Amino acid sequence: MNSNETLYLVDGSSYIYRAYFAIRHLSSPSGFPTNAIYGFIQMLLKLLKDYDPRHVAVVFDAGRITFRTDLYPQYKANRAAMPDDLRIQMEPIREVVRAFNIPTLELQGFEADDIIGTLAGRFAASGGRVVVVTGDKDLMQIVTERVTLLDTMKMKESGIADVVERFGVKPELVIDILGLAGDTSDNIPGVPGIGEKTAAKLIAEFKSLDELLDRATEVKGKNGEKLREFREQALLSRRLATIDCNVPLDVAPESLHAQQPDQEALNSFFKRYGFTSLIKELTATATLATEEYHTITTAEVLETVATALEQAAEFAFDLETTSLDPRLAEIVGLSFSYRDHQAFYIPVGHLQTGEPTSSSCTQETINQNEAVHRQTGFDFEQPAPPISQ
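Just so you know, the sequence shown maps onto residues 0 to 388 in numbering that gives the first Met the number 0.
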């Protein structure tokens, strides 16, 4: 595998809950709740636009019954049932991911974290890089030199140093911290009276949970008593908190390719749920999707490109001129690219076959585009500044 290849694994469950609570009281014209659907789509679109992943998959939880509930029936038992208005949005979310032609994965008996950990390990072992798109701190335990976490809402990518800053230990020891401190959100008990800070100090001193428990008599006071009393509970808690990176998945991570979205299916989906703004965005994207390199020769397509540039997080820009001497040069054309392997050339000083784009039309369209001004400082209407001799 090419070491430059990157696999993006989206923690679907994390995204769905964040979307649900971030946007409230949104529904389709028919009254169907759409807040989680819409928020999830926006998060997914941001990932696709900003990172243009070649390898990507969205991973979902298959249900609440897993091997962890077999080990400890109280696992996650403190969580309230999924709200009804969220539950009915789950299948439409899966549907829209399929319409984007993005692979989805889930497996009965395992959580999304386990699937993510397994795929991340396989892809990294074959020489690739993995970015796990999530807001879940539990996944910090799988971070390596080749595996990082990305929170697109905070635009923060976390590596080994960030894990050490968060937990006080390296990623491979995060499960030892959770074994001691537990995790209230998952109802993992840990050792009563020991929190994350104390756990980090103990693990730093004894190097591992196993060593700490074997030498618990060396720990003075109540902490020592608790460690001896709740030894088995600490080991169980670590097992519950450990992501299973050996899930029996019949899929090669290299096969998780991003494909062109099904424009017809997406358009139908967006219409059904009243996502008017997404329909407009889809139309603009579809207009540009048929070729990778384009010469813009009509005002209509030029307007579409200008809109796409305005929506892009960043883009590259270059001028084609008649001379390398800026005092003598006249503009022949403009080049733009806002994603890998896709570029646009706008001729302004020569004619192409077909209907030519007039220079005045180009000037007007580009001068009205704030993104072009902001990123390039280019303005047709302003003369070039004098150059000192």
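C-beta atoms are modelled at their ideal positions from N, C-alpha and C, and glycine is treated no differently. Every value quoted in this text rests on a predicted model; they were computed, and no experiment measured them.
S125 in three-state terms, based on DSSP: Mapped onto the sequence shown, residue 125 falls at position 126. Three-state result, S125: coil.
In the DSSP assignment, find the unbroken beta strand (DSSP E) run with T197 in it and report its ends. If you number the sequence shown from 1, residue 197 lands on position 198. Where T197 is concerned, there is no enclosing beta strand (DSSP E), although the alpha helix (DSSP H) it sits in stretches over E195 to F205.
Taking all protein chains shown into account, do 16 or more other C-beta atoms lie within 10 angstroms of the C-beta of D83, making it buried, or fewer, making it exposed? Along the sequence shown, read from residue 1 onward, the residue named residue 83 stands at position 84. Looking at its Cβ environment, which holds fewer than 16 other Cβ atoms inside 10 Å, D83 is exposed.
With 16 other CB atoms within 10 Å as the buried threshold, where does L255 fall? Mapped onto the sequence shown, residue 255 falls at position 256. By the 10 Å Cβ count, L255 comes out buried.
State whether the stretch 100-118 contacts the stretch 235-249, with contact taken as three or more CB pairs (one from each stretch) at a distance under 8 Å. yes
Roughly how many angstroms lie between the CA atoms of F391 and P346, to the nearest whole one? Residue 391 cannot be examined here, being either before or after the span of the chain that is shown, 0 to 388.
For Q107, count neighbouring Cβ atoms within 10 angstroms of its own Cβ and tell me buried if that reaches 16, exposed if not. Within the sequence shown, numbered from 1, the residue matching residue 107 stands at position 108. Exposed is the call here.
Might you give, ordered along the chain, the residues of its own chain that have their beta carbon closer than 7 Å to the beta carbon of I15, omitting 5 neighbours on each side? Taking the sequence shown and counting its residues from 1, the one referred to as residue 15 is at position 16. Closer than 7 Å at the Cβ level, and outside the excluded window around I15, lie A35, F39 and I92.
Mind checking who V168 pairs with in its DSSP beta bridge? Taking the sequence shown and counting its residues from 1, one reaches residue 168 at position 169. In the DSSP output, where bridge partners are listed per residue, V168 has none listed.
Which parts of the stretch 130-188 are runs of the alpha helix (DSSP H), unbroken and 4 residues or longer, counting only runs that do not cross its ends? 159-166 and 173-180
So for P91, helix, strand or coil by DSSP? Locating residue 91 in the sequence shown gives position 92, where the first residue counts as 1. Three-state result, P91: helix.
Please report the straight-line C-alpha distance between E195 and Y19, rounded to a whole angstrom. In the sequence shown, the residue the question calls residue 195 occupies position 196. In the sequence shown, the residue the question calls residue 19 occupies position 20. Cα-Cα distance, rounded: 29 Å.
So, for N186: in the same chain, excluding its five sequence neighbours on each side, which residues have a beta-carbon less than 7 Å away from its beta-carbon? Along the sequence shown, read from residue 1 onward, the residue named residue 186 stands at position 187. Only Q73, Y74, K75, A76 and N77 meet the Cβ criterion.
Just to confirm the assignment: which complete alpha helix (DSSP H) runs, minimum length 4, are found wholly within the stretch 3-85? 11-21, 34-50 and 66-70
Taking one C-beta from the stretch 126-143 and one from the stretch 152-169 each time, how about it: are there three or more such pairs within less than 8 Å? yes
Cα separation between A472 and L47? No answer is possible for residue 472: it lies beyond the span of the chain, which begins at 0 and ends at 388.
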